[in-house]
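S.K.: Got a structure here, written out as structure tokens. Questions coming.
In the numbering used here, the protein residues as written are 34 to 491.
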């Protein structure tokens, strides 16, 4: 058996996302020096998490003009943090904060970014006019990662990660996901039913993460660029003019054609007994599995130790949501991948951590994330009650990662089923009443919804 952390894939991950030990802080010790994130003794994890967050808060307090002022308004100082109970005092921002730039214009966004950023982004010398080019310029400037949300409400959330944040997050994410296959081969195939040429969160993340796989073993639904304009067009389904209507029609056709190509690819990989890592929004994979059932196509990818990861939730298609156990059953029936090799992942644009499902569907949070569940007055509800998900994230180096989200969750101190340590979220995660539909996976859902209706109607 090949150890996951001795594979060529992991060696590439280490080369891309590793950080010199002399530069480590406490959060780096957790990320880079832990054998397994989900077996750390609870007391040790709590102390390391507290130390990491205290160091992080001190960093943003001293380096971010915006966060320093916010702390003053809350009459908060990092020295107030004496123990874990004091973490409730840390000033947080709503996730909508990241879409509060004055207007969608490169220089305006740059000036907004200068005010909120904890790291120096230099002087503005971008010569172009469009936002797509500006995001590319900013990413090069930060030597990190830039991504935007789907623009469902007409405004995008813009996230700017510097090199330190980017390396920490990707190292942790890749380490977590690569340890799940029972055996990780040296050259597995990587399949994502979307476009890598985009700054849209899910595509940008998976394009960058895909670099740990051999270039000729990375497979995408389309290579077309998904610009900010196209992302908004796809997420809202609203075309302002005839040109946009044609654009949307072409994109839908391209995506449907790409889905067929991916299905044919999976059939070929199955015949060759090639290990395959599939990462997809659940709705997208559900659509393909329905086609497979209709056409009586059954694969046996489990024989090659292949794995399926889903993420992004069902959001605007909650009416079609399938329970996790039933979904895992469909994966096993159509793709031949056993339930033990199917994992659902919860995450969001603003959080540098994941919550990974166990066999019972509970979402296990990375140990550096300090989760909270809030009531309508931002009071901490503690464990066992549904409320608004909030978190303190010490991985974020270029922005204060202390966020109140629009997600409705129930938090547990530990998993009631498996032996993993750490906080978990119950499987039933949804949006709070009045919160906007969120998630760039909505794009894929919107584009494939019409096709799915056709399948159901046959």
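Built from N, CA and C at the ideal position, the CB exists for glycine as well.
Going by alpha carbons, who is nearest to residue 266 out of 188, 166, 456?
M.R.: Here the closest residue by C-alpha is 188.
S.K.: For the alpha helix (DSSP H) holding residue 47, just list the boundary residues, first then last.
M.R.: Where residue 47 is concerned, the enclosing alpha helix (DSSP H) stretches over 41-50.
S.K.: Please classify residue 319 as buried or exposed, where buried requires at least 16 neighbouring CB atoms within 10 angstroms.
M.R.: That one is buried.
S.K.: Just to confirm the assignment: which complete alpha helix (DSSP H) runs, minimum length 4, are found wholly within the stretch 176-217?
M.R.: Segments of the alpha helix (DSSP H) lying fully in the stretch 176-217: 196-211.
S.K.: Using the Cα positions of residue 119 and residue 113, report the straight-line distance between them to the nearest angstrom.
M.R.: Those two C-alpha atoms are separated by around 7 Å.
S.K.: Given a threshold of 16 other Cβ atoms within 10 Å of its Cβ, counted over all protein chains shown, does residue 317 qualify as buried or as exposed?
M.R.: By the neighbour-count rule (16 or more Cβ atoms within 10 Å), residue 317 is buried.
S.K.: If I follow the unbroken beta strand (DSSP E) through residue 375, where does it start and stop?
M.R.: Note, residue 375: beta strand (DSSP E), 375-379.
S.K.: Taking all protein chains shown into account, do 16 or more other C-beta atoms lie within 10 angstroms of the C-beta of residue 477, making it buried, or fewer, making it exposed?
M.R.: Low confidence applies to residue 477: its pLDDT is 42, below 50, so where it sits in the model is not reliable, and the reading given next is rough at best. Residue 477 comes out buried.
S.K.: Count the other C-beta atoms from every protein chain shown that fall within 10 angstroms of the C-beta of residue 108, then say buried if there are 16 or more, exposed otherwise.
M.R.: Exposed: under 16 other Cβ atoms inside 10 Å.
S.K.: According to the Cβ coordinates, are residue 193 and residue 179 closer than 8 Å?
M.R.: Going by C-beta atoms, residue 193 is nearer than 8 Å to residue 179.
S.K.: Roughly how many angstroms separate the alpha carbons of residue 198 and residue 50, rounded to a whole number?
M.R.: Looking at the two C-alpha atoms, the distance is approximately 10 Å.
S.K.: On the three-state DSSP scale, how would you describe residue 479?
M.R.: With a pLDDT of only 46 at residue 479, under the threshold of 50, the placement of this residue in the model should not be trusted; the figure read from the coordinates follows. Helix at residue 479.
S.K.: If we call anything under 8 Å between Cβ atoms a contact, is residue 455 one with residue 385?
M.R.: Going by C-beta atoms, residue 455 is not nearer than 8 Å to residue 385.
S.K.: Span of the alpha helix (DSSP H) holding residue 320?
M.R.: Segment 315-327, the alpha helix (DSSP H) holding residue 320.
S.K.: DSSP on residue 423, reduced to helix/strand/coil?
M.R.: Correct three-state label for residue 423: strand.
S.K.: For residue 230, which option in 446, 156, 261 has the closest C-alpha, if you only look at C-alpha atoms?
M.R.: Ranking 446, 156, 261 by Cα distance to residue 230 puts 261 first.
S.K.: Would you identify the three-state DSSP class for residue 53, choosing helix, strand or coil?
M.R.: Coil at residue 53, not helix or strand.
S.K.: Please return the same chain residues whose Cβ sits closer than 7 Å to the Cβ of residue 148, not counting the five positions on each side in sequence.
M.R.: Excluding positions up to five away in sequence, the list reads 98, 99.
S.K.: Closer than 6 Å by C-beta to residue 394: which residues in its own chain qualify, once you throw out the five before and the five after it? Chain order, please.
M.R.: Counting only Cβ-Cβ distances below 6 Å, and skipping sequence neighbours, we find 357, 460.
S.K.: Please report the distance separating the alpha-carbon of residue 255 from that of residue 412.
M.R.: Approximately 45 Å between the Cα atoms of the pair.
S.K.: Terminal residues of the continuous alpha helix (DSSP H) containing residue 92?
M.R.: Its alpha helix (DSSP H) spans residues 75-96.
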